[in-house]
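For the protein sequence lines, the chains are R and A, in the order given. First residue of the first sequence? That's 1 in full-length UniProt numbering, and the numbers climb one at a time after it. First residue of the second sequence? That's 1 in full-length UniProt numbering, and the numbers climb one at a time after it.
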Amino acid sequence: MPELTPSQTVGPYLRIGLDWADGPDVVPSGGVTIGGTVYDGAGAPITDAMVETWQADPQGRFPHPLSGGTDFRGFGRSCTDGTGRWEVHTLLPGALPGEAPHLDVSVFARGLLDRVVTRIYLPEPGDDPVLAAVPQERRHTLIAERVSETEYRFDIHLQGAQETVFFDF
Amino acid sequence: MHQYVRADDVHPPLDSPEYKSTGLRHPTQAPIVVPQRLTEVTGPLLHGTIGPNDHDLTRQHAGEPQGQRIVVTGRVLDSDGRPVPDTLVEVWQANAAGRYAHVNDTWAAPLDPNFTGGGRVLTNSLGEYSFTTIKPGAYPWGNHHNAWRPAHIHFSLFGQAFTQRLVTQMYFPDDPLFAFDPIYRSAPEKARERMVSAFDMDATQPAWALAFRWDIVLRGRDQTPFEEPHA
Ligand SMILES: [Fe+2]
């Protein structure tokens, strides 16, 4: 059987290959903005990172054969800007059977030899088996802050006292 | 819900001190191991965003770029040996002199007005991909005194599930810089050579291009059910 290919960093010039004009637009208009800043262990913003999101539509469907059909793209990609900010424009995900609404997130950057993976939950998420696996005192790192009707904030701390919880799926 | 195999002892440790930028960027808490659910066993199946010259990095400008023209070809597979069809492969690389067409790359090598260095293709029904480019040069970087990256092409893969997502680098055979490169060497020793392409005489194009072959292997399906770790 073939053996798995190792991961390597995206390096500092990831935008040459990975920057899409419509990357952040999970939906072309309407919807909400979910975004924030990616920070390193010294609290400095990371300006050469990329955040990708994958999520269900508001009815809990993915555009994938294992789920019900939907035209929703489900996927967002945002290269961080000169202030370390990322954002996607999307619809809020619906709940899945047995799971609270969430977005799966991959973070790539120079200095990250493999992606790190986390989840974004919405405020007051309710019962969820993945959140339940996280120590209570760290769960807040996974819950977006509602800034307004159409904006949610989710900062990502790769390291440090506020380090985001990352998962190994 | 089927699970994708774990990738233990394959990927580099996020804390790899010889690669200095990992210092402030690696999480210090261990990731929490959880089973894959619907969000993880599905993933973006992206089609229809490929432009006419996206597969040929030598034809994206008015003239031909400088350098050795090459074809890079191979298959995207999973670890069960199954080809991954219709999946997006994105690549980016330096020019023949080792310079990236990026505002932050300012080292003393020439830019090439006929080379940007970004490309994308979809695999065919057999999981095969192919693109044409020029062989990238090695380049210096600031990690340590006289640090040079071996020539490489950056690759981004999706597979068919969030769990299969992979970003990696393809290297060229017998590069003398391997021994000195902390990024190449960050991968476990037994896995490093999986990142090195092979010269492929059969795929060369007479009087046109040399060829290198490289297969990429993503996580396949696990045969054993996941057991929740007991707290
Ligand atoms: Fe590079």
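In this text, a Cβ means the ideal position worked out from N, Cα and C, and glycines have one as well. All of these numbers come straight from a predicted model, not from anything done at the bench.
Check whether the Cβ of residue i lies closer than 6 Å to any heavy atom of ligand 1, and answer yes or no.
| i | result |
| --- | --- |
| R:GLY11 | yes |
Rounded to whole angstroms, how far is the Cβ of residue i from the Cβ of residue j, which I believe are closer than 8 Å?
| i | j | result |
| --- | --- | --- |
| A:PRO12 | R:LEU4 | No, A:PRO12 and R:LEU4 are not in contact; Cβ-Cβ is about 13 Å, not under 8 Å. |
| R:ASP40 | A:ARG25 | 5 Å |
| A:MET170 | A:MET195 | 6 Å |
| A:LYS135 | A:GLY74 | In fact, because the Cβ distance is near 16 Å, the residues do not count as touching under 8 Å. |
| residue 252 of chain A | A:GLY98 | As shown, chain A starts at 1 and ends at 231. That puts residue 252 of chain A outside it, with no answer to give. |
| R:PRO123 | R:LEU92 | No, R:PRO123 and R:LEU92 are not in contact; Cβ-Cβ is about 11 Å, not under 8 Å. |
| A:PRO31 | R:PHE62 | So it is not a contact: roughly 23 Å between Cβ atoms. |
| A:VAL33 | A:ALA203 | Between A:ALA203 and A:VAL33 the Cβ distance is about 41 Å, and since that is not below 8 Å, they are no contact. |
Considering only their Cβ atoms, is the gap separating residue j from residue i smaller than 7 Å?
| i | j | result |
| --- | --- | --- |
| A:SER156 | A:GLU90 | yes |
| R:PRO12 | R:GLU87 | no |
| R:THR37 | R:GLY84 | yes |
| A:GLY137 | A:VAL5 | no |
| R:GLY17 | A:TRP92 | yes |
| R:ILE156 | R:TYR121 | no |
| R:VAL105 | R:ARG73 | no |
| A:ASP54 | A:GLY119 | yes |
| A:ASP181 | A:PRO206 | no |
| A:PRO176 | A:GLY127 | no |
| A:ALA191 | A:ARG213 | no |
| A:ASN95 | A:HIS61 | no |
| A:ILE153 | A:TYR19 | no |
| R:ARG138 | R:VAL165 | yes |
| A:ALA187 | R:PRO6 | yes |
| A:LEU218 | A:GLN164 | yes |
| R:TYR152 | R:ILE34 | yes |
| R:GLN159 | A:THR42 | no |
| A:THR58 | A:PRO52 | no |
| R:CYS79 | R:ARG146 | no |
| A:LEU45 | R:PRO2 | no |
| R:PHE108 | A:GLU40 | no |
| A:PHE162 | R:TRP54 | yes |
| R:ASP128 | R:ALA100 | yes |
Problem set entry | Whole runs of the alpha helix (DSSP H) within the segment 4–52 of chain A, excluding any shorter than 4 residues | Here the runs fully enclosed are 38–41.
Exercise. Could you give the uninterrupted runs of the beta strand (DSSP E) lying entirely in the segment 127–186 of chain A, keeping only those of 3 residues or more?
Worked result: Secondary structure within the segment 127–186 of chain A: the beta strand (DSSP E) runs of 3 or more consecutive residues, fully enclosed, are 128–134, 139–141, 147–149, 152–157, 166–171 (chain order).
For this session: Report the residue ranges of all alpha helix (DSSP H) runs contained in full by the UniProt domain "Intradiol ring-cleavage dioxygenases" (32–160) of chain R; include only those spanning at least 4 residues, in chain order.
Result: You should have 129–132.
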